[in-house]
Structure formats: structure tokens, C-alpha cells
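With my numbering as the guide, the letters of the sequence shown map in order to residues 186 to 323.
For glycine and all other residues, C-beta sits at the position ideal for the given N, C-alpha and C.
Please read these numbers as outputs of a predicted model, since none were measured by experiment.
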Amino acid sequence: MEDRAKKVQILVVEDEDNIAIALDYLLTREGYAQTRLATGAGAVNLIRDTKPDLVLLDVMLPEVSGYEICQTVRADPDCAAVRILMMTARGSAMERRKGLAMGADGFISKPFELKELREEVRKILAGETAQTSDSTDA
């Protein structure tokens, strides 16, 4: 029972089906195990219960925003190891700073290239956060 045999667990919290389908394709191809929620409701409880390795978190969700979810997860010491990559169509520098200030490990703007997302996921899973790997203040 080697730890490497355990698949990386990724929770996708995304309400847009077309984006969720693209994420499913990419993550499956990369060999990750995944679960999807289409709304923010219940996301915090699911994260607390399953402690995924990474959460791909949309900012604008029905019921509970990605920012609220990120902030709540970061306030829970039991979820300290859960990494969060926030995704938004409103990819301004201010939105990025807000997401990182709330505790996100990375931030990506939609629409994104699958290659760009793949690289960002790999960096975050390797322990590189936006704070440590990105010093630009765009």
C-alpha cells in the first residue's frame, strides 16, 4: 500500500456545465479522482468530510459564493491541508488579490486554456502557491 497508489482527490465546485465537462475531461485524463458540486451549498461540509487534496472553486456560485467557502474552509484548522484554486470570469487584479487574501492557493481566470489549468493544478499540488510563485502585482 504505497501512498502514490492513492489517487489525488479533487473537488470541483462549478455551476456551469460546459466548464465542468472540460474540467472532468482534463482531470480524468491527468489521472485525478474527482467529485463535482454545482452549487456552493454543502461545499464546506463536503470539504470538511472528505478533505480533498484540491478544490477547484468557482467564485460566482448559486447560494454561497466561492469567497465565502474559501474563507470558511481557511478558518477551519482541520482543513489546513486542503488546497484551493479559485476560478472566475471576472479575472481582474482586484478579484485575484481578494481570492488570495481569503486564503486561496491560486487563482485562474475563465476562460482558461486547459494547458494553463493543468500547470496551475500541478503547481498547487506540488506545494507552490500563488504567494510563493508569483510576485507580480498586475
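For residue i, the three-state DSSP class (helix, strand or coil)
i: D202; result: helix
i: T220; result: strand
i: T273; result: strand
i: I309; result: helix
i: G326; result: Because the chain here runs from 186 to 323, residue 326 falls outside it and cannot be looked at.
i: V336; result: The chain is shown only over 186 to 323; residue 336 falls outside these bounds and no answer can be derived.
Best match in the options for proximity to residue i [C-alpha to C-alpha]
i: G288; options: S294, E280 and G227; result: E280
i: P296; options: K308, G216, G251 and E201; result: E201
i: L270; options: T314, R214 and E215; result: T314
i: G225; options: A278, P247 and L299; result: P247
Same chain only: Cβ atoms within 8 Å of residue i, ignoring 5 sequence neighbours per side
i: V267; result: I232, K236, P237, D238, L239, V240 and V258
i: A205; result: V197, E199, R221 and A223
Cβ neighbours of residue i in the same chain (closer than 7 Å, five flanking residues each side left out)
i: V148; result: Lying before the first or after the last residue shown, residue 148 is absent from the chain, which here runs from 186 to 323.
Close-in-space but distant-in-sequence residues of the same chain around residue i (CB under 6 Å, 5 per side omitted)
i: D322; result: With a pLDDT of 38 at D322, under the threshold of 50, the predicted position of this residue should be treated as unreliable, though the coordinate-derived value follows. Cβ neighbours of D322 beyond the five flanking positions: none.
i: K192; result: A218
i: G284; result: M271 and F292
Any non-hydrogen atom of the ligand SAM closer than 7 Å to residue i Cβ
i: A278; result: The ligand SAM is not among the ligands present in this structure, which contains no ligands whatsoever.
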